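Going down the list, the protein sequences come from chains A and B. Per this note's numbering: the first sequence ends with 114, consecutive numbering throughout. Per this note's numbering: the second sequence ends with 228, consecutive numbering throughout. What follows is a set of notes on a single structure, which appears directly below.
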Amino acid sequence: AQSVTQPDIHITVSEGASLELRCNYSYGATPYLFWYVQSPGQGLQLLLKYFSGDTLVQGIKGFEAEFKRSQSSFNLRKPSVHWSDAAEYFCAVGLTDSWGKLQFGAGTQVVVTP
Amino acid sequence: NAGVTQTPKFQVLKTGQSMTLQCAQDMNHEYMSWYRQDPGMGLRLIHYSVGAGITDQGEVPNGYNVSRSTTEDFPLRLLSAAPSQTSVYFCASRSPSGSRETQYFGPGTRLLVL
């Protein structure tokens, strides 16, 4: 069955430290891959996306993600976290023939401590 | 552009009542969709539309109806609300296919069914 897994429900990180959020997918073919961020009480904002080409993708707010086909992973990273990065992060996948139908992971809540 | 707008922001219903969640976009996007967000489950697709007059079911369509009479509007109808429909509802629209395609989300509607 197709699935998107974010293994970490909750991550606490110190301000200035690096952050890595994991995302694994199970699909028959390489899907389109996305990371979204949701601040409390807000909608979803697209951080970055991967369709094809360079497997290291740069996004907004200093985030990047790396697609690893062999591991079926699309992990999100940021070298130095700011307090404003506290939010919930969602990995999502879309099929190449109908990518608009996104399947989301359960989300990872990120808490940033001083 | 206002982007994707949703009304109302909050709603409380009694079991068995009906209501319509409104969604509108001013970006001339053909593709629109509705998701619900529940704790620990990410977002799940309810219904989607690939253009005026064309709708289809997503992952969790039961209890919801949609129609698409114009490109701009994509309302979601609850005919007989149930407590299981307590959730946050997000509408989204997608830009045309190609390297710039992305999905834009509205701010959400919080629904409580008593």
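From the three backbone atoms N, C-alpha and C, an ideal C-beta is built for every residue, glycine too. Being a predicted model, the structure only gives us computed values, none of them experimental.
Between which two residues does the beta strand (DSSP E) holding residue i run?
i: T223(B); result: T223 to V227
i: Y145(B); result: Y145 to Q151
i: L157(B); result: L157 to G165
i: H10(A); result: H10 to S14
i: M133(B); result: M133 to Q139
i: F124(B); result: F124 to L127
i: D170(B); result: I168 to Q171
At 7 Å on the CB atoms, spell out the chain A contacts of residue i, in chain order.
i: F219(B); result: G43 and L44
i: L226(B); result: Neighbours of L226(B) on chain A: none; closest Cβ ~15 Å, over 7 Å.
i: L135(B); result: Chain A residues near L135(B): none, gap ~14 Å exceeds 7 Å.
i: G222(B); result: G43
Please confirm whether residue i and residue j have their CB atoms less than 9 Å apart.
i: S9(A); j: G154(B); result: Note on residue identity: the sequence assigns Ile, not Ser, to residue 9(A). In contact: I9(A) and G154(B) (Cβ atoms closer than 9 Å).
i: S26(A); j: T55(A); result: no
i: L19(A); j: V81(A); result: yes
i: R191(B); j: L135(B); result: yes
i: V118(B); j: C137(B); result: yes
i: F204(B); j: F219(B); result: yes
i: T223(B); j: Q131(B); result: no
Under 8 Å between beta-carbons, which chain B residues line up against residue i? List them in chain order, please.
i: A106(A); result: G154, M155 and G156
List, in order along the chain, the chain A residues whose C-beta lies closer than 9 Å to that of residue i?
i: F204(B); result: G43 and L44
i: T216(B); result: F34, L46 and K49
Chain A partners of residue i, CB-CB under 8 Å?
i: L159(B); result: K101, L102 and Q103
Scan the region 65-94 of chain A for residues whose Cβ lies nearer than 9 Å to a Cβ of chain B and list them as they occur along the chain.
F90, C91, A92 and G94
Select from the region 164-180 of chain B all residues with a C-beta closer than 7 Å to any C-beta belonging to chain A, and list them in chain order.
G172
Please give me, in chain order, every unbroken run of the beta strand (DSSP E) with length at least 3 that falls completely inside the region 32-105 of chain A.
32-38, 44-50, 56-58, 64-68, 73-78, 87-95 and 98-104
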